[in-house]
Each structure stands twice: as C-alpha cells, then as structure tokens.
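Chains as they are written, first to last, in the numbering used here: chain A, 1 to 205; chain B, 206 to 491; chain C, 492 to 770. Report on one structure; see the data block that follows.
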Amino acid sequence: MSGIFAINGGACVAMVGKDCVAIACDLRLGLQALTVSNNFPKIFQYGDVFLGLTGLATDVSTVSDLFRYKVNMYRLREERDIAPRTFANLVSSTLYEKRFGPYFVGPVVAGLDPKTGEPFICGFDSIGCIDFAKDFIVSGTATDQLFGMCESLWEPDMTPDQLFETISQSLLNAVDRDALSGWGAHVYIIEKDKVTKRLLKGRQD
Amino acid sequence: MADRYSFSLTTFSPSGKLVQIEYALNAVNQGVTALGIKATNGIVLATEKKSSSPLADPSSLSKISLITPNIGMVYSGMGPDYRVLVDRARKVSHTGYKRIYNEYPPTRILVQDVARVMQEATQSGGVRPYGVSLLVAGWDEGILPESEEEAAGAAPVMGDDDDEKKKHPTGKTGGILKGGPMLYQVDPSGSYFPWKATAIGKSATTAKTFLEKRYTEGLELEDAVHIALLTLKETIEGEMNGETIEIGIVGPPADHLLGVEGVEGAKGPRFRKLTPQEIEDYLTNL
Amino acid sequence: MDLGRWIIGGSLRPCALLSLASVRSVHPDRLKLQCAFPLELQSSRHRDLGPVPTNNLKLPLADLHLLSNFVHNIAKMEILLGITGKDFTLIAASKAAMRGATILKASDDKTRHLNKHTLMAYSGEAGDTVQFAEYIQANAQLYSMRNESDLSPSALANFVRGELATSLRSRKPYNVNLLLGGVDPITHKPSLYWLDYLAALAPLPYAAHGYAQYYCLSILDKHHHPDITLGQGIKLLTLCTDELKRRLPVDFKGMTVKAVTKDGIVDIEFNDDKVVKSA
C-alpha cells in the first residue's frame with residue numbers, strides 16, 4: 001500500500017499467444033487512495049514494439065518520453081524499426097544507468113520479432129534486470145492478483161481472439177481486487193501485420 | 206588557454222579546398238595497396254605485408270584487424286594512425302552499441318562511427334587528419350540478398366498490400382533490414398562509400414582496373430579470394446607467399462574459433478584471418 | 492537527509508520532526524516485528540505498520556518523499572480548483588497566504604499568466620511556488636517574444652512537467668503543485684492540466700489540489716458536464732467553495748477566480764463574503 005511504486009497505482013500485463021502477443025494496462029492515476037484521473041494510459045508504442053510502464057506516474061512519463069527519443073534516434077540512425085529484443089536490452093541498459101537513483105517503474109515489453117515473427121515479451125525491475133518469459137509478465141500494484149489470474153487463465157497457443165479474452169479477464173478481475181488500479185483498461189493485440197487496440201470501460205468505482 | 210587558441214589545422218584554401226585532407230590522401234596513395242571484394246556469401250580483404258628489412262619478423266606484423274566478430278578492417282597509409290582507429294572502432298562498437306543493445310553494431314553503423322572519428326580530426330583544433338583510408342568488411346544479420354529476391358518475386362502473387370511493402374524498404378544502400386556481406390571504404394575526410402570491390406593505396410588505380418575486368422555478379426567467396434590474389438599479384442613488389450600476404454575473410458560462422466563446443470545458440474565469428482598455411486594453399490592453386 | 496537544515500529552516504514543526512524521526516528509526520524494527528508475527532496476524536496488522544520499502548535500496552527520492560509529506564500538510568490547506576466547460580477553463584485559488592498557523596495575507600494571487608490564453612495556478616512550499624511559477628512564466632514569455640507566437644496549453648504543460656521532473660532529481664527540488672488551464676489558440680478547445688510536485692501530469696476536465704480534492708472532486712464528479720457554460724461553471728465553483736467553507740478548519744479568505752476563454756484571460760468577480768454555516 002505504501003512505497004514509491006504504489007503512490008499512483010496502476011497495473012500492466014503482457015501475454016503470449018500463437019503468433020501473437022498482447023499487452024494491457026489499467027487507466028487509473030491516483031494519489032494514495034484518491035483517484036485523480038481515469039485516463040492515464042501506461043502502454044506506449046514505439047514502431048512495432050510496445051512498452052508498458054507501471055509505478056511512479058512522473059517516472060512513467062519521464063521514461064516513456066526518454067524511450068520515444070531513443071527509439072526515434074535509433075530509427076533515424078539505422079533506417080529500421082527497433083526489434084523487441086533489442087529494445088528490451090536498451091531498456092535494461094538505460095535503467096541500469098540510473099542504478100543508484102533509479103526510475104521507479106516496472107516496465108513490460110511486448111512485440112513480435114520482425115525477422116521470425118516469434119512472440120516476445122519480458123519484464124524488468126526498476127534497475128533493469130530482465131525477466132524473460134514464455135507465457136506472461138505482470139507488473140504494478142495488482143501484481144499478486146495478476147499472477148493468480150494469469151496462472152489460472154493462460155494456456156499455450158491461444159488465437160488472437162482467445163488471447164484478447166484471456167488478457168482482458170485477467171486484468172479486469174485482478175484490478176477489481178486492487179484498490180490502487182482499475183478504472184478502465186487499454187488492451188493491445190499484436191499480430192504479424194495488424195495491431196488491435198481496445199478500450200475496456202471496466203468498473204468506475 | 207590552450208584550447209581557446211587551438212585552431213583546426215585543416216582550413217579552407219581560397220579555392221575552397223581543404224589541402225590538409227588532400228595531403229592526407231597523398232599519404233594514403235603512397236601506402237601499400239589493400240583491396241576488398243564482396244562475394245555473395247562473404248568478403249575478402251587482402252594486402253601485402255611489406256617489411257623494410259629482411260631482418261624483420263613478419264609473423265608479428267598484422268595489418269588486417271578484427272573489430273567485432275563479424276566485422277574486420279584493413280588500411281592503406283600510416284600504420285600508427287590505423288592502430289588508433291582500430292582501437293577506437295573496437296571501443297565504440299562496445300560503448301556505443303554492444304553495451305546498450307547487447308548485440309554488435311551492423312557494418313554501416315560501425316563505419317559511420319569510425320567515419321565520425323575521422324571527420325572530427327578534420328575540424329578540431331590542434332589535430333591533423335588521419336593518414337589512412339580503410340576498407341571495412343562485415344556481415345549483417347537481416348534479410349539476405351537471396352531471400353529478398355524471393356520475397357520480391359512472391360509479393361505480387363500473394364497480393365500484399367501497401368503497408369507490407371512499407372515494412373521492407375528495399376534498394377536503399379545500407380538500409381539495415383538488408384543482411385549479408387557489406388564492404389565499405391572510409392577516407393581521411395570522413396566520407397565513406399559502399400563497394401562491390403575496390404582497392405586503396407599506391408596501386409589502387411591499377412588494381413581497380415583489374416578488378417573491373419575480373420569482377421562478376423554472383424561471385425562466390427572462393428572465387429573472390431582467387432581474384433584478390435590475382436589482383437595483388439599484378440601490383441605486388443616483393444615475393445608472394447603466406448608470410449608476405451595477409452588475407453581476411455568474412456564467411457560462414459567459424460565455429461572452430463569459439464574455443465568451446467556444445468553451447469546452444471553460440472555462433473563463431475564470421476570474420477577471420479587466413480593462416481599463412483591457408484594462404485600458401487590458395488597460392489599453389491593460383 | 493540533512494535534518495539540521497530543516498530544523499533551522501523552521502519548516503518542520505516539532506511534532507513533524509518527531510514523526511519523521513520515528514519513521515526513519517522505528518521503521519526497520521517494525522519491519523522485523525512484522526516478520527516475527529505469525530502468518531495470520533501479518534495480513535490484519537501490516538496495514539498499520541507504516542511505509543514498507545519495496546526494495547532494500549537506499550533511495551534518495553524515498554527520503555525526499557517522506558519529508559515532502561510533512562512539509563505538505565501546510566500547503567494542502569491551500570486551495571486550487573480548475574473546471575473546464577464548453578468554451579472556457581476556470582481557475583480558482585484561495586487568497587490566504589499561510590505560514591504555519593498564521594495567515595500573513597488575505598489577498599494573495601496564486602496565479603501567473605503564461606501567455607494570452609494560458610494561466611497557471613500554484614500551491615506548495617512558500618519560496619518555491621513563486622520562484623518556479625515566475626521562471627515558467629518568463630520562459631513562456633521569452634518563447635512568445637522570440638517566435639511571435641504562443642505555445643499551446645498542452646505544449647506548456649509538457650514543458651512545465653519537464654522542468655519539474657528535472658528539478659525532482661536535483662539536490663533541492665521545487666515543492667510545487669500546479670494547475671494549468673488554457674484555451675488552445677487555434678482549435679479553441681479548453682484544457683486543464685493537473686501537475687503535482689512529483690511532476691505527474693494529467694489532463695483533466697476538472698481538478699483540485701490539496702485537501703480541496705477530498706471535498707470538491709466528489710461534488711464535481713456529480714455535477715460537472717463538459718458542455719457547461721461559464722455561468723454554470725461559476726455556479727459549480729460556488730458549490731465547491733461553499734463546501735470548503737463548511738468543512739475546512741481554516742478560513743482560506745475567499746478565492747481569486749479567473750477564466751480563460753478564446754479571447755484571453757479574464758478576472759471573474761466572485762462573492763467571497765457569502766457566509767456558509769458550518770456543518
């Protein structure tokens with residue numbers, strides 16, 4: 001309930017399906033128990049790669065802006081979009097650069113490998129230690145609840161539609177048991193040549 | 206105080222030329238010839254190892270250097286300047302890339318970084334331009350030329366739409382979606398050029414004329430090594446043997462150089478130097 | 492954290508100092524205590540055990556944040572309100588300048604005009620507020636002079652956020668909460684931005700800072716509509732100030748009220764003399 005990571009609240013989850021990945025976040029911005037905004041998205045798109053950021057809202061903005069800059073510079077320099085795995089390593093090295101004064105965020109990366117089309121997801125701690133996963137990654141104040149939901153709902157080789165249902169139910173039911181997150185959600189389903197973004201209204205209490 | 210009055214030695218002449226850079230190029234054109242040939246499946250870099258005295262130990266001299274496991278470099282011009290650039294190239298490929306992205310830079314990125322170092326020497330105070338031209342050879346992961354052609358052939362049949370094409374910008378030099386062998390020349394001015402085959406140094410013109418005649422599209426690496434030796438033979442002053450010739454190749458991953466076996470996913474370096482024995486073998490087949 | 496500086500600075504009351512000390516010294520023991528409890532007790536007790544660090548790093552910002560909470564209790568009495576409507580943004584700020592229990596001034600204007608159609612209201616630590624607001628104001632005006640065009644409210648909001656975020660990780664961060672209201676000079680769309688001292692930025696239809704949030708946001712939740720007129724907005728504001736007069740333990744000396752419309756920033760006559768019977 002207390003601690004820097006939980007001042008503003010928020011939750012994020014990424015999941016792997018068959019030839020697709022999904023990433024979703026809640027929309028709440030709060031100050032302790034008080035809700036300030038119900039329209040504070042925590043997922044950011046950089047080319048074909050998606051970054052979810054939970055934690056201290058100021059650092060969510062700072063870090064997302066920083067990576068927008070870094071990825072734009074990468075694209076100009078290399079004349080190509082950054083690959084999810086490369087981006088994950090960029091996130092890691094960038095966060096570790098601030099090892100003794102970290103950004104208070106829990107990042108999640110999701111995307112498809114541009115060469116093989118393989119799903120890629122991973123998570124990080126605030127100083128850049130990468131957590132690679134074959135199934136799902138959770139982050140934020142509803143981490144415990146999300147682990148429970150994902151552990152019970154996730155199964156291998158889901159179609160994009162199944163994946164959407166699974167990630168949405170996981171997030172929605174997790175945040176309903178967390179006072180610091182919820183108030184609507186954004187869900188991205190990422191396929192080879194299609195990205196679908198959906199807004200879930202969710203409980204507004 | 207020192208740097209406030211430290212002007213660049215490279216200043217414009219009234220005619221608009223930067224003569225210091227031209228002098229640097231003169232130094233390059235007095236250097237030992239080096240050449241590079243790009244094949245479909247690799248690249249060869251070759252040069253002569255000329256020693257000033259018969260007492261010198263040629264085995265300790267090395268003019269072709271590995272920068273990253275997939276990129277190598279050769280020079281023509283001033284040896285000491287080259288060593289500085291090799292150090293900088295190796296350093297920047299880690300600080301500016303490997304330590305950030307956990308992968309080695311693509312060839313063009315490395316070339317641009319080295320070219321920046323060389324350009325800065327033409328505009329900074331208190332320094333002179335580097336007296337070398339470089340040939341940088343590397344292999345990039347990405348869409349290989351063959352599969353690119355396949356994709357281009359298949360695209361109309363599958364009826365891919367516009368955004369599919371947007372994802373694969375083709376025909377752009379150095380666009381790094383493009384994989385396979387890459388050969389670049391970098392000059393003291395900091396300008397760089399991609400080549401199919403080229404030569405630098407004393408007999409560059411002769412060598413290039415020769416290469417123009419011998420180079421064909423769809424060359425294999427083995428043929429390229431052969432042509433490289435033939436070209437070198439045209440221009441070489443001394444004797445040609447495994448001791449006096451240096452060859453570096455970019456080819457298939459050299460897993461035997463890994464030092465370990467059975468590590469999953471481990472790939473050997475694509476860039477390696479040929480041993481004197483290997484060179485001798487090529488020479489006998491010449 | 493240099494405690495001495497804070498004591499000399501006088502911004503910490505003895506009781507705040509006490510609780511600060513207790514948080515800093517008792518807290519690791521509490522943590523041990525918590526782990527010593529049998530498992531069943533942990534869940535019911537751990538809510539009362541104060542801040543539990545989420546990792547074992549010694550974090551500069553963590554100290555800063557603990558400290559800010561105490562400094563902020565005074566600033567939380569200051570009221571900032573913002574309401575957007577169909578074609579306007581209303582900004583209101585309490586007139587009282589407070590220092591501890593004393594009201595130093597009853598006609599304080601806690602707003603600064605950034606340009607013709609952007610207004611910023613501030614609250615927070617005494618010196619920081621005006622200093623930071625005028626720094627932002629100067630930069631906004633400099634931009635207007637150099638470029639012969641004004642920054643949009645959204646551009647300004649993001650600029651302010653950047654400055655505040657940079658300051659947050661400096662040796663002495665600004666302790667300022669802000670509301671930034673404006674009307675876009677091109678689209679004529681009204682907008683309102685909420686920024687706290689940590690530089691968290693949120694665009695909102697209506698917003699408040701400090702204790703006023705607890706009293707007013709529920710009222711605004713119930714009565715606000717994006718299409719309201721300026722008149723309705725002022726009525727809504729009165730509803731909020733009435734509630735504040737009813738429930739806040741201090742006299743905040745009425746409100747400075749300003750409205751931003753496409754024609755610029757206008758002062759709004761606001762009746763501060765209305766007496767509201769306390770609850």
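Beta carbons are placed, not taken as given, at the ideal position from N, Cα and C, and that holds for glycine. Keep in mind the model is a prediction, meaning the values are calculated, not measured.
Please say whether residue j and residue i have beta carbons closer to each other than 7 Å?
i	j	result
residue 451 of chain B	residue 268 of chain B	yes
residue 644 of chain C	residue 615 of chain C	no
residue 329 of chain B	residue 405 of chain B	no
residue 319 of chain B	residue 294 of chain B	yes
residue 692 of chain C	residue 660 of chain C	no
residue 633 of chain C	residue 724 of chain C	no
residue 484 of chain B	residue 247 of chain B	no
residue 759 of chain C	residue 731 of chain C	no
residue 187 of chain A	residue 181 of chain A	no
residue 463 of chain B	residue 456 of chain B	no
residue 276 of chain B	residue 312 of chain B	yes
residue 316 of chain B	residue 420 of chain B	no
residue 281 of chain B	residue 233 of chain B	yes
residue 128 of chain A	residue 192 of chain A	no
residue 744 of chain C	residue 767 of chain C	no
residue 43 of chain A	residue 25 of chain A	yes
Considering only residues of the same chain and omitting the five flanking positions on each side of residue i, which have a CB-CB separation below 6 Å?
i	result
residue 57 of chain A	8 and 29
residue 59 of chain A	103, 104 and 105
residue 531 of chain C	Any answer about residue 531 of chain C is weak, because its pLDDT of 33 lies below 50 and its placement is not dependable; what the coordinates show is given next. Once the five neighbours on either side are set aside, residue 531 of chain C has no close Cβ partner at all.
residue 437 of chain B	251
residue 545 of chain C	Note that residue 545 of chain C has pLDDT 42, beneath the 50 cutoff, so the model's placement of it is unreliable and no number is given.
residue 196 of chain A	189
Would you list the residues sitting across from residue i in a DSSP beta bridge?
i	result
residue 110 of chain A	A:50 and A:121
residue 694 of chain C	C:684
residue 77 of chain A	Note: residue 77 of chain A sits in no beta bridge, so no partner.
residue 13 of chain A	A:24 and A:138
residue 572 of chain C	C:583 and C:699
residue 130 of chain A	A:124
residue 158 of chain A	In DSSP, residue 158 of chain A forms no bridge with anything.
residue 344 of chain B	B:386
residue 598 of chain C	Beta-bridge pairing links residue 598 of chain C to no other residue.
residue 239 of chain B	B:252 and B:405
residue 177 of chain A	In the DSSP output, where bridge partners are listed per residue, residue 177 of chain A has none listed.
residue 280 of chain B	B:339
Please check the pair residue i and residue j, which I expect to be a contact at CB under 8 Å, by giving their CB distance rounded to whole angstroms.
i	j	result
residue 577 of chain C	residue 588 of chain C	About 33 Å; that fails the 8 Å criterion.
residue 336 of chain B	residue 393 of chain B	7 Å
residue 571 of chain C	residue 715 of chain C	Not a contact, Cβ separation roughly 16 Å.
residue 255 of chain B	residue 443 of chain B	6 Å
residue 346 of chain B	residue 384 of chain B	5 Å
residue 169 of chain A	residue 153 of chain A	6 Å
Can you give me the start and stop residues for the beta strand (DSSP E) that residue i sits inside?
i	result
residue 604 of chain C	602-606
residue 461 of chain B	No beta strand (DSSP E) holds residue 461 of chain B; DSSP gives it neither H nor E.
residue 668 of chain C	667-674
residue 585 of chain C	580-585
residue 186 of chain A	185-191
residue 245 of chain A	This structure cannot settle anything about residue 245 of chain A, because the visible part of chain A is limited to 1 through 205.
residue 411 of chain B	Note, residue 411 of chain B: premise wrong, no beta strand (DSSP E); alpha helix (DSSP H) at 409-419.
residue 270 of chain B	270-273
residue 87 of chain A	Premise fails: residue 87 of chain A lies in the alpha helix (DSSP H), 84-96, not in any beta strand (DSSP E).
For residue i, collect the residues of the same chain with a Cβ closer than 8 Å to its Cβ; drop the 5 residues on either side in sequence, then sort them by chain order.
i	result
residue 323 of chain B	290, 334, 335, 391, 392, 393, 394 and 395
residue 223 of chain B	215, 216, 217, 327 and 394
residue 625 of chain C	603
residue 509 of chain C	Summary for residue 509 of chain C: the model assigns pLDDT 34, below 50, so the residue's position carries little reliability, and this model does not support an answer.
residue 607 of chain C	641, 676, 755 and 756
Starting from the C-beta of residue i, find all residues in its chain whose C-beta is less than 7 Å away, skip the five residues before and the five after it, and write them out in chain order.
i	result
residue 163 of chain A	15, 17, 20, 22 and 189
residue 122 of chain A	88, 109, 130, 131, 132, 133 and 137
residue 685 of chain C	670, 693, 695 and 698
residue 213 of chain B	328, 329 and 330
residue 721 of chain C	576, 579 and 750
residue 738 of chain C	706 and 770
residue 78 of chain A	none
residue 764 of chain C	none
If I follow the unbroken alpha helix (DSSP H) through residue i, where does it start and stop?
i	result
residue 730 of chain C	721-738
residue 645 of chain C	644-659
residue 626 of chain C	617-638
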